[in-house]
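Chemist: Numbering (UniProt numbering), first residue to last: 1 to 297.
#1: Looking at C-alpha atoms only, which residue of 81, 55, 87 and 73 is the closest neighbour of residue 113?
#2: Give the C-beta separation of residue 62 and residue 81 to the nearest angstrom, bearing in mind that I take them to be a contact with Cβ-Cβ under 8 Å.
#3: Going by alpha carbons, who is nearest to residue 48 out of 59, 42, 56 and 30?
#4: If I measure Cβ to Cβ from residue 55 and keep anything under 8 Å in the same chain, skipping five residues before and after, which residues do I get?
#5: Is it the case that the Cβ atoms of residue 154 and residue 138 are separated by a distance below 8 Å?
#6: Report buried or exposed for residue 259, applying the criterion of at least 16 other Cβ atoms within 10 angstroms of its Cβ.
#7: Residue 19: buried (16+ other C-beta within 10 angstroms of its C-beta) or exposed?
#8: How long is the line joining the alpha carbons of residue 227 and residue 244, rounded to whole angstroms?
#9: For residue 174, which of 167, 183 and 147 has the nearest alpha-carbon?
#10: Give every residue of the same chain whose Cβ lies closer than 6 Å to the Cβ of residue 118, excluding the five residues on either side of it in the sequence, and list them in chain order.
#11: Suppose the cutoff is 7 Å on Cβ atoms and the five residues either side in sequence are ignored; what does the same chain contact list for residue 13 look like?
#12: Can you give me the C-alpha to C-alpha distance between residue 5 and residue 50, rounded to a whole angstrom?
#13: Nearest-angstrom Cα distance between residue 151 and residue 180?
#14: What is the rounded straight-line gap between the Cα of residue 26 and the Cα of residue 46?
#15: On the DSSP letters alone, give me the boundaries of the beta strand (DSSP E) that residue 68 sits inside.
#16: Run through DSSP, which three-state label would residue 8 get?
#17: Per DSSP, which one or two residues make a beta bridge with residue 85?
#18: Keeping to the same chain, check which residues put their C-beta closer than 6 Å to that of residue 22; ignore five residues upstream and five downstream.
#19: Use the C-beta contact count for residue 127: other C-beta atoms within 10 angstroms, 16 or more gives buried, fewer gives exposed.
#20: Which residues share a DSSP beta bridge with residue 108?
#21: Which value, in whole angstroms, describes the spacing of the CA atoms of residue 172 and residue 166?
#22: When the distance is taken between beta carbons, is residue 122 closer than 8 Å to residue 143?
#23: Go ahead and label residue 149 buried or exposed: buried means 16 or more other beta carbons lie within 10 angstroms of its beta carbon, across all protein chains shown.
#24: Would you call residue 189 buried or exposed, if buried means 16 or more other Cβ atoms sit within 10 Å of its Cβ?
#25: Run the CB neighbour count on residue 104, radius 10 Å, all protein chains shown included, and call it buried at 16 or more, exposed below.
#26: What three-state label does DSSP hand residue 223 in the structure shown?
#27: If I follow the unbroken beta strand (DSSP E) through residue 40, where does it start and stop?
#28: If you drop the 5 nearest sequence neighbours on each side, which residues of the same chain put their C-beta closer than 8 Å to that of residue 60?
#29: Here's the rule I'm using: 16 or more other beta-carbon atoms within 10 Å means buried, otherwise exposed. How should residue 84 be labelled?
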């Protein structure tokens, strides 16, 4: 087993009668926010391994049901259960930036970090139910009060699948989604007779496609490398043949040049003889040229 977690801080966030309702953490700002059932909102920073309170605000007349950091930790969204209010605070100054009221009470909340979509559990009727994004934010999962967790498409117009738990007898108020290396995961928790936890999985088809694409790219890269090596080998062999051809041509040229030089020397020698003869004939004939019969010579 690897390194285990150790406790470094234990601070009283609220009074003994005021329960913690939600917690959120900003990694970029190293800040933590806790909200309570009485509507209090507290922001803490880490100092020497301890939580140090920076500021406190409150939502009047509502339980601060959920909280989320947005804009890289610069702003904080807090959701009021009974009032349907969404309040935005500046995390540096604690000053309210804006408020918005929904037409329903907020039983639960989920935020898609990639798209910015907000998923709200409508609490006008029944009990509060969990809701979350799944399958890389392409699906929505919601609990129910009759033993079923529903999986919807992101547009919410159709039910993709019903996950029946505890024989459909208990409530399923808690749902959460994630993924492993090979599967998308949904975890549901029931409340009633069994109080069980179910884990559901689905193969990550996107990963399968990605693996196939990676294999194709790897095969293509191997083929390209082999093709390049063959081209280099062909170039080398062609260069060797050209080099050998040049050497042979140079040798033939050298032999031909030597032969030409020998012939030229022979001709010059012969011409020397002819010149000598001509000179002799000229001397013997008193400076008059006579026709010479070469066959006789």
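For glycine and all other residues, C-beta sits at the position ideal for the given N, C-alpha and C.
Modeler: Walking through what the data contain:
#1: Within the chain shown, numbered from 1, the residue matching residue 113 stands at position 113. Nearest C-alpha to residue 113: 73.
#2: By one-based count along the chain shown, residue 62 stands at place 62. By one-based count along the chain shown, residue 81 stands at place 81. At roughly 6 Å, the Cβ-Cβ gap stays under 8 Å, so residue 62 and residue 81 are in contact.
#3: As a working mapping, residue 48 is identified with position 48 in the chain shown. Comparing Cα positions, the closest option is 30.
#4: Taking the chain shown and counting its residues from 1, the one referred to as residue 55 is at position 55. Leaving aside the five residues that flank residue 55 on each side, the residues in its chain whose CB is nearer than 8 Å to its CB run, in chain order, 42, 43 and 94.
#5: If you number the chain shown from 1, residue 154 lands on position 154. If you number the chain shown from 1, residue 138 lands on position 138. Going by C-beta atoms, residue 154 is nearer than 8 Å to residue 138.
#6: Numbered from 1 along the chain shown, position 259 holds the residue referred to as residue 259. In this prediction, residue 259 scores a pLDDT of 46, lower than 50, which makes its location untrustworthy; the coordinate-derived value is nonetheless stated afterwards. So residue 259 ends up on the exposed side.
#7: Residue mapping note: residue 19 aligns to position 19 of the chain shown, counting from 1. A residue is called buried once 16 or more other Cβ atoms fall within 10 Å of its Cβ, and residue 19, having fewer, is exposed.
#8: Here residue 227 refers to the residue found at position 227 of the chain shown. Here residue 244 refers to the residue found at position 244 of the chain shown. Whole-angstrom Cα-Cα distance: 26 Å.
#9: For this step, residue 174 is matched to residue 174 along the chain shown. The shortest Cα separation from residue 174 among 167, 183 and 147 belongs to 147.
#10: By one-based count along the chain shown, residue 118 stands at place 118. Counting only Cβ-Cβ distances below 6 Å, and skipping sequence neighbours, we find 111.
#11: On the chain shown, position 13 is the one that residue 13 refers to. The answer, listed in chain order, is 20, 34 and 42.
#12: By 1-based counting over the chain shown, the position of residue 5 is 5. By 1-based counting over the chain shown, the position of residue 50 is 50. Distance between the alpha carbons of residue 5 and residue 50: 16 Å.
#13: By 1-based counting over the chain shown, the position of residue 151 is 151. By 1-based counting over the chain shown, the position of residue 180 is 180. Using only the alpha carbons, I get a separation of about 19 Å.
#14: By one-based count along the chain shown, residue 26 stands at place 26. By one-based count along the chain shown, residue 46 stands at place 46. In a straight line, the C-alpha of residue 26 is about 11 Å away from that of residue 46.
#15: In the chain shown, the residue the question calls residue 68 occupies position 68. In the DSSP annotation of this structure, the continuous segment of the beta strand (DSSP E) that includes residue 68 starts and ends at 64-70.
#16: Here the question's residue 8 lines up with position 8 in the chain shown. Residue 8 falls in the coil class under three-state DSSP.
#17: Reading the chain shown from its first residue, position 85 is the one you call residue 85. According to DSSP, residue pairing for residue 85 in a beta bridge involves 101.
#18: Locating residue 22 in the chain shown gives position 22, counting from the first residue. Residues of the same chain with a CB within less than 6 Å of the CB of residue 22, apart from the 5 flanking positions on each side, are 35, 66 and 67 in chain order.
#19: Against the chain shown, residue 127 aligns to sequence position 127. Its Cβ having fewer than 16 others within 10 Å, residue 127 is exposed.
#20: For this step, residue 108 is matched to residue 108 along the chain shown. DSSP output for residue 108 lists 121 as bridge partner(s).
#21: The sequence position of residue 172 within the chain shown is 172, counting from 1. The sequence position of residue 166 within the chain shown is 166, counting from 1. Spanning the two alpha carbons is a distance of roughly 9 Å.
#22: For this step, residue 143 is matched to residue 143 along the chain shown. For this step, residue 122 is matched to residue 122 along the chain shown. Taking 8 Å as the Cβ cut-off, residue 143 and residue 122 do not qualify as a contacting pair.
#23: Within the chain shown, residue 149 is the residue found at index 149, counting from 1. Counting Cβ neighbours within 10 Å, residue 149 comes out buried, since at least 16 surround it.
#24: Residue 189 sits at position 189 when you count from the first residue of the chain shown. Per the 10 Å Cβ criterion, buried.
#25: Here residue 104 refers to the residue found at position 104 of the chain shown. Burial call: exposed.
#26: Residue numbering aside, residue 223 sits at position 223 when the chain shown is read from its first letter. In the structure shown, residue 223 sits in a helix (DSSP, three-state: H, G or I).
#27: Walking along the chain shown from the start, residue 40 turns up at place 40. Where residue 40 is concerned, the enclosing beta strand (DSSP E) stretches over 40-47.
#28: The residue labelled residue 60 in the question sits at position 60 within the chain shown. Closer than 8 Å at the Cβ level, and outside the excluded window around residue 60, lie 39.
#29: Here residue 84 is taken as the residue at index 84 of the chain shown, counted from 1. Counting Cβ neighbours within 10 Å, residue 84 comes out buried, since at least 16 surround it.
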